[in-house]
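J.: In terms of the numbering used here, the sequence shown opens at residue 16 and continues consecutively.
Note that the Cβ used here is the ideal one computed from N, Cα and C, for glycine as well.
Have a look at this one before I ask anything.
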Amino acid sequence: MILSGKVALITGSSRGIGNSIARLFLDNGAKVVICGSKLENALEAIKKLKQDMNVSDDNVMPIGINMKDRSNIESIVKSIIDKWGKIDILVNNAGITSNVSLLDSTDQEFLEMFEVNFFGVVTLTREVVKYMKIRGGSIINTSSMVGIYGSRNQSAYASSKFAINGLTKSLARELGIYNIRVNAVAPGVVETDMMNIVTPEMKESLIKMTPLNRMANPNDLTGIYLYLASDLSKFTTGTIINVDGGLVI
Ligand SMILES: NC(=O)c1ccc[n+]([C@@H]2O[C@H](COP(=O)([O-])OP(=O)(O)OC[C@H]3O[C@@H](n4cnc5c(N)ncnc54)[C@H](OP(=O)(O)O)[C@@H]3O)[C@@H](O)[C@H]2O)c1
């Protein structure tokens, strides 16, 4: 089991892509902190995990972290250290999106996007690195294809993902000295609740632009997270890996 003995903190793991990553990490021997924006959502996700797979309470920990209110992040990280003594893997995956033109948008909407998609990542990563720097570790940020080429009517979301890419490369340079690797995954179109804001016509056109000619299932992405979390990628840092069916080539 490739992650045996490892402790992983995965934000946005109550559902969607993060939930699929959590399942694969558990299958591969990790202890996993399951996070929702509210504790109830994390507890509900763990209930479903237990129905679907053989998971013991010793291997999962529920946490509610609302990235809009980051005042309790320090104590949340401390509670994980108190329980399991370390964090080897941090997956910054929680995110929100929006579909609004610049002229219809407000500064407040841009601020909210950055609170969740960027500042949440900054605050949590800073707190985790305080402990991770003792042993080294792997930080994986979920970016997006729109963080590479932008997106019409999604300037707030796309800008937050460009910021994540900049953070990924800069922290890779800064934290390598502690043997902490920092990488990002840039998904294409993935069938999760997040895609509910996209019209069927937009989905159809995105599929047409994708060489593999379909949307991804969250499980199509998880292998790359396992690779980046494990020692298989021990000399890989500062990369942004597209997992998008060839959409961005
Ligand atoms: N789906 C796609 O096509 C796609 C494409 C490219 C990139 N991505 C990126 O992939 C990541 C995961 O997206 P997804 O498709 O899995 O989305 P999703 O199904 O909508 O799940 C979002 C996750 O983020 C959590 N979350 C939302 N707001 C939060 C907040 N304020 N504080 C803390 N957690 C919060 C949710 O927790 P609750 O359950 O508690 O609400 C949930 O676990 C995001 O960063 C997204 O930008 C997605």
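What residue range does the alpha helix (DSSP H) around GLY135 cover?
T.: 135-147
J.: Pick out whichever of TYR240, MET160, THR251 has its Cα sitting closest to the Cα of ASN43.
T.: TYR240
J.: Taking 7 Å as the cut-off, does the CB of ALA109 come closer than this to any heavy atom belonging to ligand 1?
T.: yes
J.: What is the rounded straight-line gap between the Cα of LEU227 and the Cα of SER220?
T.: Taking the straight line joining both Cα atoms gives about 13 Å.
J.: Only counting the same chain, and skipping five residues up and downstream in sequence, which positions put a Cβ closer than 7 Å to that of ASP37?
T.: Per the sequence shown, residue 37 should be read as Ala rather than Asp. Cβ neighbours of ALA37 beyond the five flanking positions: ILE25, SER28, VAL47, ILE49.
J.: Please state whether DSSP places ARG167 in a helix, a strand or coil.
T.: coil
J.: Considering only their Cβ atoms, is the gap separating ASP122 from ALA201 smaller than 8 Å?
T.: no
J.: Going by other Cβ atoms of all chains shown within 10 Å of its Cβ, with 16 needed for buried, is THR183 buried or exposed?
T.: buried
J.: Let me know the secondary structure DSSP gives THR157 once reduced to three states.
T.: In this structure, THR157 counts as strand in the three-state DSSP scheme.
J.: Count the other CB atoms within 10 Å of the CB of GLN66; is the residue buried (16 or more) or exposed (fewer)?
T.: exposed
J.: Could you check which residue in LEU126, ILE222, THR252, PHE40 has the C-alpha nearest to that of ILE154?
T.: THR252
J.: Okay, do the region 128-137 and the region 96-113 touch, 3+ Cβ pairs below 8 Å being the bar?
T.: yes
J.: Any heavy atom of ligand 1 closer than 7 Å to the Cβ of LYS53?
T.: Under cutoff, so the answer is yes.
J.: For ILE88 versus GLU142, is the C-beta distance shorter than 8 Å?
T.: yes
J.: Which value, in whole angstroms, describes the spacing of the CA atoms of SER120 and SER174?
T.: 14 Å
J.: According to DSSP, is PRO202 part of a helix, a strand, or is it coil?
T.: The three-state reading of DSSP puts PRO202 in strand, counting E and B together.
J.: Quick one, which of ARG150, VAL136, ILE195, LYS145 has its alpha-carbon nearest ALA178's?
T.: Taking ALA178 as reference, the option from ARG150, VAL136, ILE195, LYS145 with the minimal CA-CA separation is VAL136.
J.: Rounding to the nearest angstrom, what Cα-Cα distance links ASN257 and SER94 in this structure?
T.: Straight-line Cα distance between these residues: approximately 33 Å.
J.: I need the DSSP call for ILE88, collapsed to helix, strand or coil.
T.: helix
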